[in-house]
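Structure record follows, encoded as structure tokens.
Numbering (our numbering), first residue to last: 175 to 281.
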């Protein structure tokens, strides 16, 4: 009986992972300019705010360790900050609330 539940749990986990990967792959293939931040990976990165205009690129995203903000410049620059930061009034979807001493920039 226990092994039956474990099998269902494994199937559910595989379906979830497959869904996440397919969602990211579709974003990468369909929308020009989309990319996964170098610090993250395709299994854990999740876009949380998508540009509503014709670009369709992610503006904010997160993975298991960091939050990301895409600057939408020619160099594909993005900012990232650890999830366990100590910024006062921090809002993961408002870059202006990110403490300057706690975030970094990558291209």
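Cβ coordinates follow ideal geometry from the N, Cα and C atoms, glycine included.
Quick caveat: nothing in here was measured; it's all calculated off a predicted structure.
{"query": "Counting only runs that start and end within the region 200–257, where is the alpha helix (DSSP H) found for 4 or more residues in a row?", "result": "none"}
{"query": "Buried or exposed: residue 258, going by 16 or more other Cβ atoms within 10 Å of its Cβ?", "result": "exposed"}
{"query": "How long is the line joining the alpha carbons of residue 246 and residue 184, rounded to whole angstroms?", "result": "38 Å"}
{"query": "What does a CB cutoff of less than 7 Å around residue 239 pick up in its chain, not counting 5 residues either side in sequence?", "result": "256, 257"}
{"query": "Could you give the C-beta distance for residue 211 and residue 254, rounded to a whole number, given that I count them as a contact under 8 Å?", "result": "7 Å"}
{"query": "Rounded to a whole number of angstroms, what is the C-alpha to C-alpha distance between residue 234 and residue 217?", "result": "17 Å"}
{"query": "Going by DSSP, what residues sit across from residue 185 in a beta bridge?", "result": "Looking at the DSSP assignment, residue 185 forms no beta bridge with any residue, so it has no partner."}
{"query": "For residue 267, which of 277, 261, 222, 188 has the nearest alpha-carbon?", "result": "222"}
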